[in-house]
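Per this note's numbering, the sequence shown starts with residue -13, numbered consecutively. The beta-carbon is built from N, C-alpha and C at its ideal position, and this holds for glycine as well.
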Amino acid sequence: MVKGEIDINNLQSDLLRLIKKSGELARGYFEKKDVRRYSKKELDFVTDADLAVEKYLKSELSGKYPGVPVMAEESAHKNYNLYCREKSLFVIDPIDGTLNFGYGIDHYAISIALVSYGKPLLGICLASDTNKVYTARRDRKGAYCDNRKISVKNINRLAESFILTDWPHDLELRKKTAAFIGNLYSRVRFIGIYGSAVYDLLMISQGEIQGVYLTGCNPWDVAAASLIARKSGALLTDGRGADFDIFNKTLVAGVEGIHGELVRASGG
(Lines of atoms letter the chains of each structure in order from A and count residues from 1; the text may use other names and numbers.)
(Lines give C-alpha, C1' and ligand atoms only; values in the text may rest on other atoms or scores of the structure.)
Protein backbone atom coordinates (compact mmCIF):
# COMPACT_ATOMS: atom_id res chain seq x y z
CA MET A 1 0.00 0.00 0.00
CA VAL A 2 0.99 3.65 -0.38
CA LYS A 3 2.48 4.80 2.89
CA GLY A 4 0.57 7.76 4.33
CA GLU A 5 -1.48 10.25 2.36
CA ILE A 6 -0.95 10.89 -1.34
CA ASP A 7 0.81 14.22 -1.86
CA ILE A 8 -1.64 15.99 -4.15
CA ASN A 9 0.98 18.38 -5.52
CA ASN A 10 3.31 15.58 -6.52
CA LEU A 11 0.38 13.63 -7.92
CA GLN A 12 -0.70 16.56 -10.06
CA SER A 13 2.79 16.74 -11.56
CA ASP A 14 2.81 12.99 -12.16
CA LEU A 15 -0.60 13.02 -13.83
CA LEU A 16 0.36 15.94 -16.05
CA ARG A 17 3.32 13.95 -17.32
CA LEU A 18 1.26 10.79 -17.76
CA ILE A 19 -1.61 12.43 -19.61
CA LYS A 20 0.74 14.15 -22.04
CA LYS A 21 2.50 10.86 -22.72
CA SER A 22 -0.89 9.17 -23.14
CA GLY A 23 -1.87 11.84 -25.63
CA GLU A 24 1.23 11.13 -27.68
CA LEU A 25 0.50 7.41 -27.57
CA ALA A 26 -3.09 7.89 -28.70
CA ARG A 27 -2.03 10.32 -31.42
CA GLY A 28 0.34 7.75 -32.83
CA TYR A 29 -2.52 5.30 -33.30
CA PHE A 30 -4.84 7.99 -34.63
CA GLU A 31 -2.46 9.07 -37.36
CA LYS A 32 -2.05 5.51 -38.63
CA LYS A 33 -5.61 5.75 -39.99
CA ASP A 34 -6.00 1.97 -39.76
CA VAL A 35 -6.83 1.62 -36.07
CA ARG A 36 -8.22 -1.80 -35.17
CA ARG A 37 -11.71 -2.06 -33.72
CA TYR A 38 -12.92 -4.83 -31.43
CA SER A 39 -16.65 -5.22 -30.91
CA LYS A 40 -17.93 -4.87 -27.31
CA LYS A 41 -21.64 -4.85 -28.09
CA GLU A 42 -23.64 -4.59 -31.28
CA LEU A 43 -23.48 -0.78 -31.26
CA ASP A 44 -20.20 -0.33 -29.39
CA PHE A 45 -16.54 -1.07 -30.00
CA VAL A 46 -13.10 -0.55 -28.51
CA THR A 47 -9.89 0.19 -30.41
CA ASP A 48 -6.35 -1.01 -29.92
CA ALA A 49 -5.53 2.58 -28.92
CA ASP A 50 -8.00 2.44 -25.99
CA LEU A 51 -6.36 -0.75 -24.80
CA ALA A 52 -2.81 0.54 -25.22
CA VAL A 53 -3.43 3.83 -23.40
CA GLU A 54 -5.27 2.08 -20.58
CA LYS A 55 -2.47 -0.48 -20.19
CA TYR A 56 0.12 2.30 -20.06
CA LEU A 57 -1.75 4.36 -17.47
CA LYS A 58 -2.55 1.41 -15.23
CA SER A 59 1.06 0.25 -15.31
CA GLU A 60 2.45 3.69 -14.51
CA LEU A 61 -0.06 4.46 -11.77
CA SER A 62 0.31 1.05 -10.13
CA GLY A 63 4.08 1.38 -10.19
CA LYS A 64 4.12 4.89 -8.74
CA TYR A 65 1.20 4.43 -6.34
CA PRO A 66 1.08 0.74 -5.39
CA GLY A 67 -2.00 -0.33 -3.51
CA VAL A 68 -4.24 2.37 -4.98
CA PRO A 69 -6.87 0.65 -7.14
CA VAL A 70 -7.52 1.79 -10.68
CA MET A 71 -11.00 1.91 -12.20
CA ALA A 72 -10.57 2.03 -15.97
CA GLU A 73 -13.18 1.82 -18.71
CA GLU A 74 -12.01 -1.34 -20.44
CA SER A 75 -11.26 -3.37 -17.30
CA ALA A 76 -13.52 -2.05 -14.52
CA HIS A 77 -15.61 -4.42 -12.43
CA LYS A 78 -19.33 -4.12 -13.21
CA ASN A 79 -20.17 -3.83 -9.52
CA TYR A 80 -19.45 -0.16 -8.81
CA ASN A 81 -20.09 -0.68 -5.11
CA LEU A 82 -16.60 -2.12 -4.94
CA TYR A 83 -15.21 1.32 -5.72
CA CYS A 84 -17.51 3.62 -3.73
CA ARG A 85 -15.80 2.91 -0.42
CA GLU A 86 -12.21 3.43 -1.58
CA LYS A 87 -10.33 6.18 0.23
CA SER A 88 -8.05 6.58 -2.79
CA LEU A 89 -9.03 5.49 -6.28
CA PHE A 90 -7.80 6.37 -9.74
CA VAL A 91 -10.57 6.60 -12.35
CA ILE A 92 -9.40 6.77 -15.95
CA ASP A 93 -10.88 6.93 -19.42
CA PRO A 94 -8.11 6.11 -21.90
CA ILE A 95 -10.04 7.55 -24.84
CA ASP A 96 -13.41 9.19 -24.36
CA GLY A 97 -14.92 9.52 -27.81
CA THR A 98 -13.89 6.12 -29.13
CA LEU A 99 -16.46 6.30 -31.92
CA ASN A 100 -14.95 9.56 -33.15
CA PHE A 101 -11.45 8.15 -32.80
CA GLY A 102 -12.31 4.97 -34.68
CA TYR A 103 -13.83 6.93 -37.56
CA GLY A 104 -10.88 9.30 -37.85
CA ILE A 105 -12.58 12.32 -36.24
CA ASP A 106 -10.16 14.33 -34.11
CA HIS A 107 -12.51 15.02 -31.21
CA TYR A 108 -11.76 12.83 -28.21
CA ALA A 109 -10.24 13.22 -24.75
CA ILE A 110 -8.19 11.40 -22.13
CA SER A 111 -9.27 11.63 -18.50
CA ILE A 112 -7.67 10.81 -15.13
CA ALA A 113 -9.09 11.51 -11.67
CA LEU A 114 -8.16 10.81 -8.08
CA VAL A 115 -11.35 9.97 -6.19
CA SER A 116 -11.94 9.51 -2.47
CA TYR A 117 -15.14 7.85 -1.23
CA GLY A 118 -16.80 8.72 -4.54
CA LYS A 119 -15.71 12.39 -4.56
CA PRO A 120 -13.15 13.62 -7.11
CA LEU A 121 -10.16 15.29 -5.46
CA LEU A 122 -8.16 15.97 -8.61
CA GLY A 123 -9.19 15.89 -12.25
CA ILE A 124 -7.03 16.22 -15.32
CA CYS A 125 -8.10 15.89 -18.96
CA LEU A 126 -6.41 16.27 -22.33
CA ALA A 127 -8.28 17.45 -25.43
CA SER A 128 -7.13 15.73 -28.60
CA ASP A 129 -7.35 18.40 -31.26
CA THR A 130 -5.73 21.19 -29.25
CA ASN A 131 -3.49 19.07 -26.98
CA LYS A 132 -4.53 21.36 -24.13
CA VAL A 133 -4.66 20.07 -20.56
CA TYR A 134 -7.49 20.93 -18.17
CA THR A 135 -7.20 20.61 -14.41
CA ALA A 136 -9.13 21.21 -11.20
CA ARG A 137 -8.67 20.32 -7.55
CA ARG A 138 -11.27 19.97 -4.84
CA ASP A 139 -9.04 21.80 -2.34
CA ARG A 140 -8.54 24.84 -4.57
CA LYS A 141 -10.74 27.38 -6.29
CA GLY A 142 -11.03 27.51 -10.05
CA ALA A 143 -10.47 25.34 -13.10
CA TYR A 144 -7.60 25.74 -15.50
CA CYS A 145 -6.62 25.13 -19.12
CA ASP A 146 -2.85 25.04 -19.51
CA ASN A 147 -2.55 27.12 -16.32
CA ARG A 148 -5.05 29.72 -17.59
CA LYS A 149 -8.13 30.09 -15.40
CA ILE A 150 -11.37 29.24 -17.21
CA SER A 151 -15.02 29.80 -16.36
CA VAL A 152 -18.51 29.29 -17.71
CA LYS A 153 -20.32 31.97 -19.68
CA ASN A 154 -23.68 32.51 -18.05
CA ILE A 155 -26.85 33.30 -19.99
CA ASN A 156 -30.46 33.62 -18.85
CA ARG A 157 -32.37 32.66 -21.99
CA LEU A 158 -32.59 29.21 -23.57
CA ALA A 159 -32.92 30.90 -26.95
CA GLU A 160 -29.27 31.96 -26.65
CA SER A 161 -27.98 28.54 -25.61
CA PHE A 162 -25.74 25.96 -27.25
CA ILE A 163 -26.52 22.51 -25.77
CA LEU A 164 -24.77 19.18 -26.22
CA THR A 165 -26.02 15.71 -25.39
CA ASP A 166 -24.98 12.10 -26.00
CA TRP A 167 -26.13 9.12 -28.07
CA PRO A 168 -25.89 6.09 -25.75
CA HIS A 169 -25.31 2.55 -26.96
CA ASP A 170 -28.37 1.43 -24.99
CA LEU A 171 -31.47 1.86 -27.15
CA GLU A 172 -33.73 2.65 -24.18
CA LEU A 173 -31.41 5.46 -23.14
CA ARG A 174 -31.45 6.79 -26.70
CA LYS A 175 -35.17 7.30 -26.24
CA LYS A 176 -34.42 9.56 -23.27
CA THR A 177 -31.94 11.55 -25.32
CA ALA A 178 -34.44 11.84 -28.17
CA ALA A 179 -37.11 13.05 -25.72
CA PHE A 180 -34.71 15.67 -24.32
CA ILE A 181 -33.96 16.92 -27.83
CA GLY A 182 -37.68 16.93 -28.58
CA ASN A 183 -38.35 19.07 -25.53
CA LEU A 184 -35.74 21.66 -26.50
CA TYR A 185 -35.20 21.68 -30.26
CA SER A 186 -37.52 24.64 -30.89
CA ARG A 187 -36.34 26.61 -27.85
CA VAL A 188 -32.53 26.62 -28.10
CA ARG A 189 -30.09 28.13 -30.57
CA PHE A 190 -28.42 24.74 -31.14
CA ILE A 191 -28.58 21.24 -29.75
CA GLY A 192 -26.29 18.52 -30.97
CA ILE A 193 -24.12 15.48 -30.31
CA TYR A 194 -20.32 15.72 -30.53
CA GLY A 195 -19.49 12.24 -29.25
CA SER A 196 -17.38 12.80 -26.12
CA ALA A 197 -18.83 13.38 -22.66
CA VAL A 198 -15.48 14.56 -21.33
CA TYR A 199 -15.04 17.06 -24.14
CA ASP A 200 -18.64 18.29 -23.70
CA LEU A 201 -17.90 19.14 -20.07
CA LEU A 202 -14.62 20.83 -20.98
CA MET A 203 -16.51 22.99 -23.47
CA ILE A 204 -19.01 24.21 -20.88
CA SER A 205 -16.13 24.80 -18.47
CA GLN A 206 -14.51 27.33 -20.78
CA GLY A 207 -17.68 29.11 -21.86
CA GLU A 208 -18.10 27.61 -25.32
CA ILE A 209 -21.48 26.01 -24.61
CA GLN A 210 -24.08 26.44 -21.88
CA GLY A 211 -25.49 22.99 -21.19
CA VAL A 212 -24.79 19.25 -21.27
CA TYR A 213 -27.22 16.36 -20.84
CA LEU A 214 -25.82 12.83 -20.50
CA THR A 215 -27.60 9.53 -19.91
CA GLY A 216 -25.98 6.23 -19.11
CA CYS A 217 -22.94 7.87 -17.51
CA ASN A 218 -20.10 5.79 -16.18
CA PRO A 219 -17.65 7.10 -13.56
CA TRP A 220 -14.76 7.27 -16.03
CA ASP A 221 -16.84 9.53 -18.29
CA VAL A 222 -17.30 12.17 -15.64
CA ALA A 223 -14.92 11.76 -12.68
CA ALA A 224 -12.35 14.30 -13.82
CA ALA A 225 -14.41 16.52 -16.13
CA SER A 226 -17.28 16.97 -13.66
CA LEU A 227 -14.85 18.44 -11.12
CA ILE A 228 -13.45 20.77 -13.77
CA ALA A 229 -16.98 21.84 -14.73
CA ARG A 230 -17.98 22.49 -11.12
CA LYS A 231 -14.87 24.51 -10.41
CA SER A 232 -15.50 26.60 -13.52
CA GLY A 233 -18.94 27.59 -12.23
CA ALA A 234 -21.30 25.06 -13.85
CA LEU A 235 -24.18 23.53 -11.89
CA LEU A 236 -24.27 19.72 -11.95
CA THR A 237 -27.24 17.60 -10.91
CA ASP A 238 -28.91 14.36 -11.82
CA GLY A 239 -32.12 14.37 -13.86
CA ARG A 240 -34.24 15.10 -10.77
CA GLY A 241 -32.19 18.12 -9.76
CA ALA A 242 -30.33 16.39 -6.90
CA ASP A 243 -26.59 16.92 -6.54
CA PHE A 244 -24.62 14.85 -9.04
CA ASP A 245 -22.03 12.29 -8.05
CA ILE A 246 -19.85 10.22 -10.36
CA PHE A 247 -21.90 7.06 -9.86
CA ASN A 248 -25.12 8.68 -11.10
CA LYS A 249 -26.27 7.50 -14.52
CA THR A 250 -27.74 10.84 -15.62
CA LEU A 251 -26.01 14.22 -15.62
CA VAL A 252 -27.47 17.65 -16.29
CA ALA A 253 -24.76 20.32 -16.38
CA GLY A 254 -25.64 23.92 -17.10
CA VAL A 255 -24.90 27.53 -16.42
CA GLU A 256 -26.93 29.01 -13.59
CA GLY A 257 -29.34 30.96 -15.78
CA ILE A 258 -30.76 27.94 -17.64
CA HIS A 259 -29.88 24.90 -15.56
CA GLY A 260 -33.36 24.54 -14.08
CA GLU A 261 -34.95 24.50 -17.53
CA LEU A 262 -32.51 21.81 -18.66
CA VAL A 263 -33.47 19.67 -15.67
CA ARG A 264 -37.14 20.02 -16.50
CA ALA A 265 -36.46 19.14 -20.15
CA SER A 266 -34.62 15.98 -19.06
CA GLY A 267 -37.80 14.56 -17.56
CA GLY A 268 -36.00 13.18 -14.54
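Item to check | Cross-strand partners of VAL97 (DSSP beta bridge) | outcome: The identity of residue 97 in the sequence shown is Ser, whereas the question assumes Val. Answer is ASP79, CYS111.
Next on the checklist: Given the structure, does GLY197 come close to the ligand FMN, in the sense that its CB is under 7 angstroms from one of the ligand's heavy atoms?
Outcome noted: Ligands in the displayed structure: none, and consequently the ligand FMN is not present.
Next on the checklist: I'd like the list of long-range same chain contacts for THR223, defined as Cβ closer than 7 angstroms, with 5 residues on each side in sequence excluded.
Outcome noted: So the qualifying residues of the chain are ASP229, PHE230, VAL238, VAL249.
Item to check | GLY9 versus PRO154, ASN(-5), ARG71, ALA38, residue with shortest Cα-Cα distance | outcome: Looking only at PRO154, ASN(-5), ARG71, ALA38, the smallest Cα-Cα distance to GLY9 is reached by ALA38.
Checklist entry - What residue does the alpha helix (DSSP H) around LEU68 start on, and which one ends it? => result 67 to 70
Checklist entry - Can you give the Cα-Cα distance for GLY225 and TYR51, rounded to whole angstroms? => result 36 angstroms
Next on the checklist: Check for me: the alpha helix (DSSP H) holding ILE91 runs from which residue to which?
Outcome noted: Neither: ILE91 is in no alpha helix (DSSP H) and is coded neither H nor E.
Item to check | Residue from ARG123, ILE232, LYS161 whose Cα sits closest to the Cα of ASN67 | outcome: ILE232
Item to check | Neighbourhood of ASP156 by C-beta, 6 angstroms cutoff - its chain only, sequence neighbours within 5 removed | outcome: GLY202
Checklist entry - Ordered along the chain, which non-local residues of its own chain (more than five positions away) have a Cβ less than 6 angstroms from that of PRO80? => result ASP36, VAL39, GLU40
Next on the checklist: Using only the alpha-carbon positions, how far apart do ALA95 and ASN142 sit?
Outcome noted: 29 angstroms
Next on the checklist: Quick check on ARG3: does DSSP put it in helix, strand or coil?
Outcome noted: helix
Checklist entry - For TYR123 versus ILE(-6), is the C-beta distance shorter than 8 angstroms? => result It should be noted that the sequence gives Arg, not Tyr, for residue 123. Yes. Within cutoff.
Next on the checklist: For the alpha helix (DSSP H) containing THR163, name the first residue and the last one.
Outcome noted: 157 to 170
Item to check | Cβ-Cβ distance between LEU112 and ALA99 below 8 angstroms | outcome: no
Checklist entry - Taking the alpha-carbon positions, what's the MET57 to ASN65 distance? => result So the two alpha carbons sit approximately 11 angstroms from each other.
Next on the checklist: Taking the straight line between their C-alpha atoms, what separation do you get for ARG13 and LYS161?
Outcome noted: ARG13 and LYS161 have their C-alpha atoms some 34 angstroms from each other.
Next on the checklist: For a test of the three-state rule: what should DSSP assign to GLY49, helix, strand or coil?
Outcome noted: helix
Next on the checklist: Just to confirm, is the Cβ distance from SER182 to GLY83 under 8 angstroms?
Outcome noted: yes
Item to check | Per DSSP, the bridge partner or partners of ASP229 | outcome: THR223
Checklist entry - In whole angstroms, what separates the C-alpha of PHE76 from that of ASP207? => result 13 angstroms
Next on the checklist: What does DSSP give as the partner residue(s) for SER102 in the beta ladder?
Outcome noted: LYS105
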